[in-house]
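Here's the structure, in structure tokens; my notes come after.
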Amino acid sequence: MFHAYGKIIKVSGREIAVNALKDEAEADKIIEWLRNEINRVWDNRDHITPSEITPEKPKLIEILKLLPKTNCKKCGLPTCMVFAAQVVEGGRGAEDCTELTPEKKKQLAEYLSNFQLNID
Ligand code: SF4
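Numbering-wise (our numbering), the sequence shown opens with residue 11 and increments by one.
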């Protein structure tokens, strides 16, 4: 079981479970990503050196600084804080806040580009 893209993903035997999916399209996207990752790891298994270092995540406060903080709910979430928490986990991105100015959207996208979180 692990966290990725704002979801809890559980892989066991012949079953994959993902929580809080928006729709079937999102499920297909995550399954495709997972299949590619499993195949990539298998293909490169002889060249992979395991790492015990946890990758750095975006900082919630840095994301929150760029958001309008109006809690308008247009993103479908109750507050900008909840939105920022989902961005940290990769479940949302700069494009999902409709209230960001183009400049702030660009700044947020640039900040997030320092972290590998996108399935696309
Ligand atoms: S759309 Fe943007 S400003 Fe509105 S609640 Fe969501 S994150 Fe906050």
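Every residue gets a Cβ at the ideal spot worked out from N, C-alpha and C, and that includes glycine.
- Of the other Cβ atoms in all chains shown, 16 or more fall within 10 Å of the Cβ of residue 100; this residue is therefore buried.
- Ranked by how close their Cα comes to the Cα of residue 43, the residues 63, 56, 28 and 57 have 28 in first place.
- When secondary structure is reduced to three states using DSSP, residue 125 falls in the coil class, being assigned neither helix nor strand.
- C-alpha of residue 109 to C-alpha of residue 78: approximately 7 Å in a straight line.
- With a cut-off of 7 Å, the C-beta of residue 78 is classified as near the ligand SF4, since at least one heavy atom of the ligand falls inside that distance.
- Here residue 58 carries a coil assignment [DSSP, helix/strand/coil].
- Shortest Cα-Cα distance from residue 22 to any of 32, 11 and 30 involves 11.
- Within a 10 Å sphere around the beta-carbon of residue 24 sit fewer than 16 other beta-carbons, which makes this residue exposed.
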